[in-house]
Amino acid sequence: MTASPRQVTLIPGDGIGPDITDATVRVLEAAGAPLTWDRKVAGMAAVKAHGDPLPEATLESIKRTTLALKGPLETPVGKGFRSINVALRKEFDLYANLRPAKSVLPGNRFQDVDVILVRENTEGLYVGIENYVKVGDDPHAIAQSVAVVTRNGAERIVRYAFEHAVRHGRKRVTLVHKANILKYSQGLFLETGRKVAAEYEGRVAFDDKIVDACAMELVMRPERFDVIVTTNLFGDILSDLTSGLVGGLGLTPGANIGETAAIFEAVHGTAPDIAGQGVANPTAVMLAGCQLLDHIGEEARATRLRAAIEATLREGRMVTRDVGGTATTAQYTDAVIAKL
Ligand code: NAD
């Protein structure tokens with residue numbers, strides 16, 4: 000059964016963004032995804048058109064559609080421009096950052112990685128409460144950064160991780176922390192996480208790991224992990240680590256999810272060195288498109304599209320340069336569509 004179409008704000012982005020988002024729209028349409036697109040600009044494209052990297056019309060569109068698929072954006076350096084990603088995260092309270100990492104490339108060091116990292120996206124050490132303390136003549140003698148963990152914030156992110164596990168048939172959630180040293184902030188995260196976990200007993204297994212031990216185990220036995228949930232800074236670091244385990248950022252999508260909106264994107268940037276050449280790898284944005292389908296309850300279609308992408312990558316005949324092939328973005332996209 001096909002649901003009535005959902006409108007999605009489409010932000011093509013800068014550099015390779017327009018090529019890889021076009022490719023993604025093509026595969027989503029070929030998969031029969033019930034989506035229509037409201038094209039809006041952000042990043043340098045928006046600076047050129049409107050003198051603002053995040054125009055009001057783009058925000059309005061996301062408010063209305065509650066869904067966005069976004070290409071990478073060049074954040075203009077200096078001149079007081081705000082960080083677009085931070086502004087979007089704040090505006091829509093996108094508290095959950097979801098980064099799946101799965102082995103697909105043949106010959107990759109790890110063949111059995113299939114981990115979903117759920118990072119708390121709004122609290123922790125990234126709340127921006129920082130200051131210097133002057134001692135004697137030195138105005139920067141001491142620097143302080145405050146980590147803020149709230150019970151509500153911890154509860155909603157851990158619950159999100161468990162709900163995701165239930166919906167996607169995942170077996171275990173691992174909460175990663177440093178509560179042995181940071182007894183208050185990390186301690187509250189762990190304590191709250193344990194309470195939420197108890198509600199899922201018998202349905203989803205739960206364990207917790209200290210972040211340093213977790214980092215070591217991730218590079219030694221990554222196949223043991225299923226869903227990881229953690230605070231902002233640890234999630235930032237570990238999600239790049241898990242991307243690295245499966246072949247790098249070019250294959251990794253990221254979803255930013257809140258109660259009132261969700262934004263799906265690739266983890267990589269605008270790749271200015273290959274922009275305009277038609278050779279960029281669109282896989283990460285295509286997989287972000289699959290996350291979007293999951294999010295709107297189109298899991299079956301998402302699974303079919305993921306299978307087509309993975310089969311094309313595994314076969315290795317029609318893949319882009321960055322993963323050892325010679326295909327253009329368009330040729331790779333055609334190959335994925337042929338597999339659907
Ligand atoms: P980058 O990810 O753009 O590029 C790093 C390297 O990876 C380059 O060699 C590039 O060619 C390659 N690469 C990246 N994506 C690829 C793809 N899909 N296919 C093939 N090769 C790919 O990182 P950078 O050079 O540090 O950043 C460039 C710009 O992107 C900066 O302006 C930065 O601010 C922006 N950026 C935006 C986002 C975002 O919008 N989410 C994220 C990261 C960086």
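Here the sequence shown is numbered in numbering that gives the first Met the number 0, starting from 0 and rising by one per residue. Virtual Cβ for every residue (Gly too), placed ideally from N, Cα, C.
- By the 16-neighbour rule on beta-carbons within 10 angstroms, residue 106 is exposed.
- In chain order, the residues with a C-beta atom nearer than 5 Å to some heavy atom of ligand 1 are 71, 72, 73, 74, 249, 267, 268, 269, 270, 272, 273, 279, 280, 321.
- Take residue 25, set aside five residues on each side of it, and the residues of its chain with a beta-carbon closer than 8 Å to its own are 332, 336, in chain order.
- A straight line joining the alpha-carbon of residue 157 with that of residue 192 spans about 6 Å.
- By the beta-carbon neighbour count (other beta carbons within 10 angstroms, threshold 16), residue 288 is buried.
- Residue 93 sits away from residue 130, with the two beta carbons spaced by 7 Å or more.
- It is roughly 28 Å from the alpha-carbon of residue 176 to the alpha-carbon of residue 268.
- Taking the Cβ atoms as the reference, residue 265 lies roughly 3 Å from residue 283, within the contact range of under 8 Å.
- Distance from the CA atom of residue 225 to the CA atom of residue 151, rounded to whole angstroms, is 24 Å.
- Here the region 310 to 319 makes no contact with the region 42 to 61; the two share fewer than three CB pairs at distances below 8 Å.
- In the DSSP annotation of this structure, residue 179 is not part of any alpha helix (DSSP H), being labelled neither H nor E.
- Checking the DSSP bridge columns, you'll see residue 205 partnered with 172.
- In its chain, beyond the 5 residues on either side, 33, 34, 66, 295 have a beta carbon closer than 7 Å to the beta carbon of residue 5.
- Taking C-beta atoms under 8 Å as the contact rule, residue 221 and residue 114 qualify, at a distance of about 7 Å.
- Residue state for residue 102 is assigned as coil, using DSSP reduced to three classes.
- The continuous alpha helix (DSSP H) containing residue 188 extends over residues 184 to 198.
- Here the C-alpha atom of residue 102 lies approximately 32 Å from the C-alpha atom of residue 61.
- Residue burial annotation: residue 155 is buried, with at least 16 other C-beta atoms found within 10 angstroms of its C-beta.
- Put simply, the region 201 to 209 does not touch the region 129 to 143. Fewer than three CB pairs are less than 8 Å apart.
- Counting along the chain, the unbroken alpha helix (DSSP H) around residue 214 starts and ends at 210 to 219.
- The three-state secondary structure of residue 48, taken from DSSP, is helix.
- DSSP places residue 163 in the helix class (H, G or I) of the three-state scheme.
- The Cβ atoms of residue 317 and residue 23 lie no closer than 7 Å to each other.
- A check of alpha carbon separations from residue 11 across 3, 38, 56, 208 identifies 38 as the nearest.
- Under the 10 Å beta carbon count, residue 179 is surrounded by fewer than 16 other beta carbons and is classified as exposed.
- Within the region 228 to 280, the beta strand (DSSP E) runs of at least 3 residues that lie entirely inside it are, in chain order, 252 to 256, 261 to 265.
- For residue 119, the enclosing beta strand (DSSP E) begins and ends at 113 to 119.
- In terms of Cα proximity to residue 217, the closest of 241, 292, 245, 134 is 241.
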